[in-house]
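Residue numbers (full-length UniProt numbering): 1 to 151.
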């Protein structure tokens, strides 16, 4: 009587042992809309950072100029991300202006509180091409002359 013969579990018990039931999707860590939005934001940020890894210095410069010239969709945070990306890519590629772009990033980081138009102007002067810089210098001179005449 000391020897017991193992008894096979009933069919339902065997199935439950092989494939345990999964908890409902909302059980335990139910996420609300705010958490979903946060998660989506993180996923978008990761996707954009992965896309940025394939950029070149010239490509990032073009993105910055394009963003500065788009009046409706410009964001200082996005622009600063582009400048950071420019700094990193230039450093990794041993670009001749890598230290300059690092200084531009530090300077622009310090100007995040500036008005949007002023922030855009800084970016154009610092990373825009020389022709654009000349145009803005001439426009600035005209603006100053009008300001003097008003006073």
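Don't be surprised by glycine CBs; every beta carbon is placed ideally from N, CA and C.
- Going by DSSP, residue 146 is part of the alpha helix (DSSP H) stretching over 130-150.
- Annotation: residue 131 to residue 121 spans about 14 Å, alpha carbon to alpha carbon.
- Per the Cβ contact rule, the stretch 107-119 is not in contact with the stretch 38-50 (fewer than 3 Cβ pairs under 8 Å).
- Approximately 4 Å separates the beta-carbon atoms of residue 105 and residue 87; this is inside 8 Å, confirming the contact.
- Using a Cβ distance threshold of 7 Å, residue 63 and residue 82 count as a contacting pair.
- For the set 43, 72, 93, 65, the Cα lying nearest the Cα of residue 80 is the one of 65.
- Under the three-state reduction of DSSP, residue 33 is assigned to helix.
- By the criterion of a C-beta distance shorter than 7 Å, residue 60 is surrounded in its chain by 82, 85, 86, 89, once the five residues flanking it on both sides are discounted.
- A check of alpha carbon separations from residue 56 across 93, 41, 76, 72 identifies 93 as the nearest.
- Annotation: residue 37 to residue 68 spans about 27 Å, alpha carbon to alpha carbon.
- The beta carbon of residue 125 sits closer than 7 Å to the beta carbons of 133, 136 from its chain, once the five residues preceding and following it are set aside; these are given in chain order.
- Under the 10 Å beta carbon count, residue 142 is surrounded by fewer than 16 other beta carbons and is classified as exposed.
- Across the structure, residue 99 and residue 77 are spaced so that their CA atoms are roughly 21 Å apart.
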